Amino acid sequence: MHRSVIKRTVLTTYNFSNIRYAQPPIDDLRFRAPVPVTGNSSGINTGSVGSICPQPVSLFTNAAMAQWIVAYVQGTILDFNELEQQLGNSTSPATPSDTRVTEDCLFLDVVVPQTILDNRGQGIQAPVLVWIHGGGYIVGEKGGFGRYNPSGIIQASRAAGDDGFVFVSISYRLGAFGFLAGSAVQQDGTLNAGLLDQRLALEWVQQNIHLFGGSPDRVTVMGESAGGGSILNQLTAYGGSRGPVPFQQIIPQSAGNQPAASPQSFEDSAQIFMSAANVSSIKELRRVPLKELTVANTEAIAAQRLMSYGPSVDGSFVPGDVSRMLATGSFDQTVTALIGMNSHEGTLFADPRVNSSVSYSEYIRDTIPGISEASARHIEDVLYPPIFDGSYGYRNHFERGVITFQELAFTCNAPMLSWAMGNHTNNYIFAAEPGLHAQDVPYTFYNGAETGVGGITAAPTTPSENTGQGQEYR
1 MHRSVIKRTV
11 LTTYNFSNIR
21 YAQPPIDDLR
31 FRAPVPVTGN
41 SSGINTGSVG
51 SICPQPVSLF
61 TNAAMAQWIV
71 AYVQGTILDF
81 NELEQQLGNS
91 TSPATPSDTR
101 VTEDCLFLDV
111 VVPQTILDNR
121 GQGIQAPVLV
131 WIHGGGYIVG
141 EKGGFGRYNP
151 SGIIQASRAA
161 GDDGFVFVSI
171 SYRLGAFGFL
181 AGSAVQQDGT
191 LNAGLLDQRL
201 ALEWVQQNIH
211 LFGGSPDRVT
221 VMGESAGGGS
231 ILNQLTAYGG
241 SRGPVPFQQI
251 IPQSAGNQPA
261 ASPQSFEDSA
271 QIFMSAANVS
281 SIKELRRVPL
291 KELTVANTEA
301 IAAQRLMSYG
311 PSVDGSFVPG
321 DVSRMLATGS
331 FDQTVTALIG
341 MNSHEGTLFA
351 DPRVNSSVSY
361 SEYIRDTIPG
371 ISEASARHIE
381 DVLYPPIFDG
391 SYGYRNHFER
401 GVITFQELAF
411 TCNAPMLSWA
421 MGNHTNNYIF
431 AAEPGLHAQD
441 VPYTFYNGAE
451 TGVGGITAAP
461 TTPSENTGQG
471 QEYR
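So the sequence shown is residues 1 to 474, counted in the UniProt record's numbering.
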């Protein structure tokens with residue numbers, strides 16, 4: 001049984017927090033597919049005890065790089081070499097220990113307006129919005145560490161006189177815990193465990209959301225960055241061969257999907273992780289204490305550039321690269337979409353050391369591990385040649401690197417998905433200055449003036465002033 005917490009502000013909602021949707025993925029279930037909950041509990045769960053899936057204790061952000069990017073966005077070009085001399089190789093401090101961190105983290109939250117819950121079972125079921133958080137598949141949590149309050153967006157959806165919708169946010173395993181890949185995992189584990197967590201949560205919604213007044217036939221899945229990339233993988237799951245997906249509409253925002261250049265990159269990532277944990281097999285990894293495994297996960301992520309973990313081709317749930325699945329129509333084509341991206345997705349991931357043809361070439365090879373020499377040269381000479389008259393969208397090597405990563409990881413995914421759906425989609429570009437990656441999320445949730453990302457603040461507007469009214473969920 002689960003007891004809700006009643007929230008009375010402008011809108012009265014019932015919050016059912018931390019509902020278990022899978023068995024604890026610990027011991028022998030570590031690095032395996034999630035197992036559904038069985039049986040019923042006679043106890044009452046108030047949801048007061050939250051959980052956060054294990055993630056890096058520090059992101060090892062180069063302090064000089066972070067300060068340079070903030071200044072660049074604000075219109076100032078600093079001397080990066082001088083910054084490095086001043087700040088050295090200092091990194092961000094380790095995240096304070098959070099007592100909520102645990103491997104037993106496969107829970108979801110349900111927020112229901114009072115009118116919807118009171119009218120459940122009376123023949124009219126409300127639409128449902130499921131939120132999948134982002135964070136590069138390595139960080140994040142279902143509540144956005146307090147930033148994903150659905151009250152604003154639910155209230156906005158009631159402007160036309162409707163009752164609103166049922167909001168669901170889900171947790172899934174991150175980093176090595178959810179996306180460890182390579183031959184060792186294939187032999188004694190499950191690839192893409194994090195995606196399978198999401199799938200099980202979506203199936204839970206199908207089976208149980210009617211109990212909260214929601215309709216399993218009116219489910220929209222929304223997610224940003226890795227959350228948006230997850231949606232693409234959920235849409236193309238099993239190559240569309242297993243019938244309808246457990247949702248009807250999608251809203252991928254800044255969908256992150258950086259194709260792996262080589263299976264070897266996943267092998268290398270797994271070896272770095274196991275070496276950091278001082279083991280040589282998955283069986284041994286299952287016996288390593290969580291604290292030590294978290295340190296190994298942190299070290300493995302720090303040792304790699306970007307996208308250290310993420311979906312990998314497994315021949316089943318992910319039968320091939322998402323772009324190929326979409327191009328061949330290997331997905332549920334009954335789903336409809338609202339697709340979003342931001343005007344400057346790549347800036348936060350930029351490297352100010354890219355200031356010449358040589359450093360740009362190195363950047364390409366670091367960003368796409370295992371890329372063939374022919375493909376790298378095609379990127380350098382044909383797709384993003386050293387032409388700085390603005391005709392390619394950049395005027396120097398740094399901006400060349402920004403645009404390259406931006407299109408590789410984010411902005412090409414939007415037109416690709418729209419094309420795969422026959423261009424029968426709704427699309428938007430979030431361009432409130434400076435339009436950085438993730439700056440649209442506060443607007444999505446109608447969180448007022450909270451528009452900062454990485455110490456950089458977006459234009460102080462509200463969604464109703466410059467970005468229009470929110471999408472209707474029906």
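Note that CB positions come from ideal geometry on N, CA and C, so glycine has one too. Keep in mind it's a predicted model, so treat the numbers as computed, not measured.
Does the distance from the C-beta atom of residue i to that of residue j stay below 8 Å?
i, j, result
"Ile132", "Gly175", "no"
"Leu232", "Asn257", "yes"
"Ser343", "Ala431", "yes"
"Tyr14", "Val37", "no"
"Leu293", "Ile69", "no"
"residue 475", "Cys53", "Any answer about residue 475 is impossible in this case: the structure gives the chain only from 1 up to 474."
"Leu11", "Ser169", "no"
"Leu108", "Ala226", "no"
"Leu417", "Val335", "no"
"Ile209", "Gly164", "no"
"Asp104", "Pro24", "yes"
"Val205", "Pro246", "yes"
"Asp248", "Asp217", "According to the sequence shown, residue 248 is Gln rather than Asp. Contact flag set, yes."
"Glu284", "Ser254", "no"
"Phe80", "Pro352", "yes"
"Ile272", "Ala300", "yes"
"Tyr446", "Ile19", "no"
I need the DSSP call for residue i, collapsed to helix, strand or coil.
i, result
"residue 501", "Here the chain has residues from 1 to 474 only, and residue 501 is not among them."
"Ala31", "The sequence given here has Phe at residue 31, not Ala. The answer is coil: DSSP assigns Phe31 none of H, G, I, E or B."
"Pro93", "Confidence is the limiting factor: at Pro93 the pLDDT is only 46, short of 50, which leaves the residue's position unreliable and the question unanswerable from this model."
"Asp109", "strand"
"Val216", "First, the residue type needs correcting, since residue 216 is Pro and not Val in the sequence shown. Three-state DSSP puts Pro216 in a strand."
"residue 489", "The question about residue 489 has no answer here: the residues shown for the chain are numbered 1 through 474."
"Tyr428", "strand"
"Phe80", "helix"
"Ile26", "coil"
"Gly340", "strand"
"Val288", "coil"
"Glu472", "Because the pLDDT at Glu472 is just 43, under 50, the model does not fix this residue reliably, and the value given afterwards should be weighed accordingly. Correct three-state label for Glu472: coil."
"Phe388", "coil"
"Thr12", "strand"
"Asn447", "coil"
"Ile19", "strand"
"Val358", "helix"
Just to check my reading of the structure: residue i and residue j have Cβ atoms closer than 8 Å, yes? What is that Cβ distance to the nearest angstrom?
i, j, result
"Gly213", "Gln125", "6 Å"
"residue 475", "Asn396", "Nothing can be reported for residue 475: it is not among the residues displayed for the chain, which extend from 1 to 474."
"Gly189", "Phe317", "In fact, because the Cβ distance is near 14 Å, the residues do not count as touching under 8 Å."
"Leu106", "Asp197", "6 Å"
"Ile311", "Leu195", "Looking at the sequence provided, one finds Pro at residue 311 rather than Ile. So it is a contact: roughly 6 Å between Cβ atoms."
Using C-beta distances below 6 Å, list every residue in its chain close to residue i, excluding the 5 sequence neighbours before and after it, in chain order.
i, result
"Ile364", "Ala376, Ile379"
"Thr411", "Met341, Glu345"
"Val288", "Ala277"
"Arg474", "Per-residue confidence for Arg474 stands at a pLDDT of 42, beneath the threshold of 50, marking its modelled position as unreliable; the derived number appears in the next sentence. Correct list, in chain order: Pro127."
"Ser265", "Pro369, Gly370"
"Val110", "Phe16, Val168, Phe212"
In chain order, what residues of the same chain have a beta carbon less than 7 Å from the beta carbon of residue i, not counting five sequence neighbours either side?
i, result
"Asp28", "Arg286"
"Val101", "Ile52, Pro54"
Within a Cβ cutoff of 8 Å, which residues of the same chain sit near residue i, ignoring the five residues on either side of it in sequence?
i, result
"Gly329", "Gly240, Ala420"
Output yes if chain B places a C-beta closer than 8 Å to the C-beta of residue i; else output no.
i, result
"Ser171", "Absent here is chain B; the protein component of the structure consists of one chain."
- Item | Runs of beta strand (DSSP E) wholly within the segment 125 to 169 (minimum 3 residues, chain order) | 126 to 132
- Item | Uninterrupted alpha helix (DSSP H) stretches inside the segment 219 to 252 (no shorter than 4 residues) | 226 to 235
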